[in-house]
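All the letters of the sequence shown, read from the start, carry residue numbers 48 to 891 under our numbering.
Backbone N, C-alpha and C fix where the C-beta goes; we use that ideal spot for every residue, glycine too.
This structure is a prediction, so every number in the text was calculated from the model and none was measured.
Right, one structure below, let's go through it.
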Amino acid sequence: DIVTGNLDNVMQVKGSLSHPYIHGEVHAADGSAAKQLFNNISGHYAYEDGLLRLQDFVVNAFYGSLTLDGTMTADQRLNFVMDAKNVDLEHLPISDDTVDLGGKVNAKGHLSGTLTAPFFDGEVSSEKITVNGEALTELEGTLASNGRDKNKLNASFKQPYRDDPVNYGLYSADLNLNLVQHYIEGKVENIWGDIGGLLRMARLDYDINGLMQGQLLFSYNGRGEGVKITAAADNVKIHDLNYAHMRFEGRVDKGGVLHFDNVRLQEQDGVSDRGIIAVGGSIDIKQKLLDVEAAAVKANPAIVTAVMKNPPEIKGETDMLVQVHGSFDNPQGTASLEITNGSVAGVSVDDMTAMLALADDNIKLQQLIATKDAYGVSAAGDIPLDLFRDKNQRHNPDAQMNIVMDLDKARLGILPALTKMVEWGVGDTQGKIRLAGTLEEPLLFGSVKIAGGSVKAKYINTVLDDINLDVLFNGNTVQLKNLSAKLGKGTLSAEGSYALHTDADTAYSLHIKADKAQLASKIFTGTITSDVTLQPEKYPDMKNRKGNAAPPMAFRPRLAGSLRLDDVLINMPTVPELGEGDTNIGLDMKFVLGPKVHLYNSYLYDIWLKGGIDIKGSTVFPMIDGTIKADKGTVKYLRTDFKLNQAGLVWVDPGSFLPNVNLDSTARFSRYNIFMKINGPVSEMDLQLTSDPPLTQNTIVRMLTLQRESAGSNEVTGDDMANLMTVGLQMTVLGDVEMFVKQTLGLDQFRIYTGKTRSGIGFESAYDRNKELTEDEKNQYNVLVSKYLNNNFMIGYTTSFDAVDRSIFGQYDISKHMNITYSRSYDMSKNPKDWYGLEYKISF
């Protein structure tokens, strides 16, 4: 072999000419030896009687560093201790189409043999190497190598899991690298390994997870004759699909052909006649040829979408057979698919069948039929394979789809299968739609018509009746020529257009009108009259503004028009959350509240509204002008009805949907008049409670919460504690009963409470107010009812559930400050106890 490079040598010669002793120091740089490049070679040497001794002889090459210390005899026999560090596998002289090696290895041992045929035998180690990009760590083993055709490695190592690098599979390797003929042979075995990792070592990268035991055989059929893969695994996950068992047996031969010898998936343990998927055939990666067959028997159909990045949801059971052969550029084949009792992209189907043929660079959809109950949709046509290629790689740059969908048998009865928001539909559909264009820019041609249909939407009691629809598809434009329906005694109509591919300023235009349309639902019942348009709007995009530069112009939807509500009943069980979201919609809307707009919830409010507002700006920064007022009604707070004196909502902060609240209300609780005022924005409302006679706000809250008339003092009695424990029961289990009876009988008070039976009048003696409850009274439930016959005279009745303790009572208000009270009580003695009282209230 030719040796090149720069050489420096310092040598000393001693002894006689017939018996010389030579020693020195040598340094070579930037050269090559044995066809391998080196950076530098340096060390000490000595020569005597044909024996060459090297001491601390270091070789630094591109693939690592080597240290030698030992001797070579006159017949060139080697006896060295060798230490190789950081040997870069990527730069070793090996070229194999089926494997790429990476990482660095250390080797330490004995170098023997001859100068022309050296041989290393020692230990190897590495923190990390890669096989086709798959990491292997903590490698330890032995290496026997002549640096040429024999480089035998016996080692063990770990494979960290891609998604859980703390845990790992265990591997062992018995390999030989032939650096002369450039191939690798031997085997790699594993246990608890990641099946996805094993396949990636064989350059098969799929979204597969699962622990398995398996084997890779390199050069399984002779020198460089490919790779054989065998793997078995349980509890395998492919994409989002789970399988009880998987078997993979395959080969990648010398020519780069991948053979599927036995590939099988089984969904359920112990069930082998269903939920089975099998693959066979081969793929010639070099020649770009394929001959593959896949079959499924009553399996999860989602397997057909396992390799998609954002697959549509497919459910049900499928029987499938796919056969593909030919070249990558011009494959041939057939496919049949049947899905039963499933759904595709959320659309329920009883049965869907498809027949496809692949030939002449075209997929022919021979037939697709999807049925649900008595309704169905069918389609047929062509999809050129060019549409799945990049534009600059298409054989025919003008290739387009040509799929015709027949909707004559779809009928409105299919709507519940398309969306859960529809309960039922009745009516015929007529039309055919042809899908053309490319996947990037599809085009639609045809029309769809509906005459006299009916639809019942979920959560809405009103039926959309006499539905008439006329939609025209004209390539890039979808034109809604007419949509009309009856809603109660009114009508709803719409017209507009939508462009599939165009500038944002002409992308869509929708005009919706409601003429006294009547809508009834659990939350909203009333009449709607509106005239609204939805179109694109150009606006300065402040969100993407850079520095002090002018903001760029962008497009957003713009909602403009008017909406009027009449004869409305709104029952919201909770107060809706109002706030700014991410949606950016331009606004120019006028909202008008007509007569009889009623907000009613038995637990929250009973309010009549009037007024209106104008909203401009956008949903990101609204500007609202107007006022909504309530001049009569009640609101419920702490189980007490407060009568509205006046209430209003006004929007004073530009850029916010949250209004300011101003509310003034009064409640009468026994001998107290309670006043509640609320002021401020919805997010920070200031609620104030006052009373006449005066009480502190905390005392008022406690009195209303406990519903105890004598709570004018701050002490907490046993009566209070018993009543407090009952509050939770009253507000949950008994709340509906109390409210129903109170409203049905028109009572001012109806309460179920624990403790002693008492009258509904407020004046009690100090003795009665401070007396602790007896054990019987703590476990006693009572009922209280009362009614104001006019503004001044109230009568009522209380009784225990066992009817042993009971009383009748009355109160007459002579003036704002004076009233007369009377009660007659009964107990087991059956002798009534009469009580008279005169109360005079003084405010301080």
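Drop a sphere of 10 angstroms on the beta-carbon of asparagine 388, count the other beta-carbons inside from all chains shown, and report buried for 16 or more, exposed for fewer.
exposed
Buried or exposed: where does proline 587 fall if 16 or more other Cβ atoms within 10 Å of its Cβ makes it buried?
exposed
Can you round the beta-carbon distance between glycine 522 and leucine 490 to whole angstroms, since I take them to be within the 8 Å contact cut?
5 Å
Relative to the C-alpha of serine 112, which residue among Leu640, Lys151, Ile49 and Arg441 is closest?
Lys151
Which of the three DSSP states is assigned to serine 703 in this structure?
coil
Determine, using beta carbons only, whether isoleucine 276 and glycine 297 come nearer to each other than 8 Å.
yes
Identify the continuous alpha helix (DSSP H) that holds arginine 909 and give its terminal residues.
Because the chain spans 48 through 891 in this model, residue 909 falls outside it and cannot be assessed.
State the Cα-Cα distance for the pair tyrosine 684 and aspartate 739, rounded to the nearest angstrom.
18 Å
I need the DSSP call for aspartate 517, collapsed to helix, strand or coil.
strand
Does the Cβ of alanine 850 have 16 or more other Cβ atoms within 10 Å, making it buried, or fewer, making it exposed?
exposed
Beta strand (DSSP E) runs contained entirely in the stretch 398–427, provided each spans 3 or more residues:
409–419
Residue environment, isoleucine 514, which counts as buried when at least 16 other CB atoms sit within 10 Å
buried
Would you mind working out which of Ala551, Ile559 and Gly499 sits nearest leucine 527, comparing C-alpha positions?
Ile559
Find the nearest neighbour of glycine 702 within the set Met670, Ala694, Ile721 and Thr674, judged by alpha-carbon distance.
Met670
Segments assigned beta strand (DSSP E), at least 3 residues, entirely inside the stretch 674–736
687–697, 707–716 and 719–728
Give the secondary structure of phenylalanine 435 by DSSP, where H, G and I count as helix, E and B as strand, and everything else as coil.
helix
Does the distance from the C-beta atom of tyrosine 208 to that of leucine 183 stay below 8 Å?
no
For serine 329, the nearest candidate out of Gly474, Leu434, Gly216 and Gly302 (CA to CA)
Gly302
Secondary structure, beta strand (DSSP E): runs of 3+ residues fully inside the stretch 324–376
336–346 and 361–374
Could you tell me how far apart the beta carbons of leucine 454 and glycine 474 are, in whole angstroms, since I believe they sit closer than 8 Å?
No, leucine 454 and glycine 474 are not in contact; Cβ-Cβ is about 12 Å, not under 8 Å.
Cβ-based burial, lysine 536 [other Cβ within 10 Å; buried from 16]
exposed
Cβ neighbours of aspartate 614 in the same chain (closer than 6 Å, five flanking residues each side left out):
Gly573, Thr574 and Lys643
Under a three-way DSSP split, which group does lysine 590 fall into?
helix
From leucine 606 to isoleucine 632, what distance separates their C-alpha atoms?
7 Å
Name the one or two DSSP bridge partners that serine 172 has.
Asn153 and Glu187
Who does lysine 205 pair with in a DSSP beta bridge?
Thr184 and Leu217
Aspartate 210 versus Ile480, Ala546 and Leu258, residue with shortest Cα-Cα distance:
Leu258
Given leucine 625, which residues of its chain have a CB within under 6 Å of its CB, disregarding the five upstream and five downstream residues?
The pLDDT assigned to leucine 625 is 48, lower than 50, so where the model puts this residue is not dependable; a value taken from the coordinates is nonetheless given after this. The answer, listed in chain order, is Phe704 and Leu705.
To which residues of the same chain is leucine 516 closer than 6 Å at the C-beta, ignoring the five residues directly before and after it?
Ile497 and Leu530
By DSSP, does glutamate 137 sit in helix, in strand, or in coil?
helix
Within the chosen definition, does the stretch 370–390 reach the stretch 306–317 through at least 3 CB pairs nearer than 8 Å?
no
Nearest neighbour of isoleucine 461, chosen from Asn198, Asp420 and Thr509 [CA to CA]
Asp420
Isoleucine 430 and methionine 402: beta carbons closer than 8 Å?
no
Threonine 846 and threonine 804 - do their beta-carbons sit closer together than 8 Å?
yes
By how many angstroms is the C-alpha of valine 310 removed from the C-alpha of aspartate 300?
17 Å
Identified DSSP bridge partners for alanine 227:
According to the sequence as given, residue 227 is valine; it is not alanine. According to DSSP, valine 227 bridges with nothing at all.
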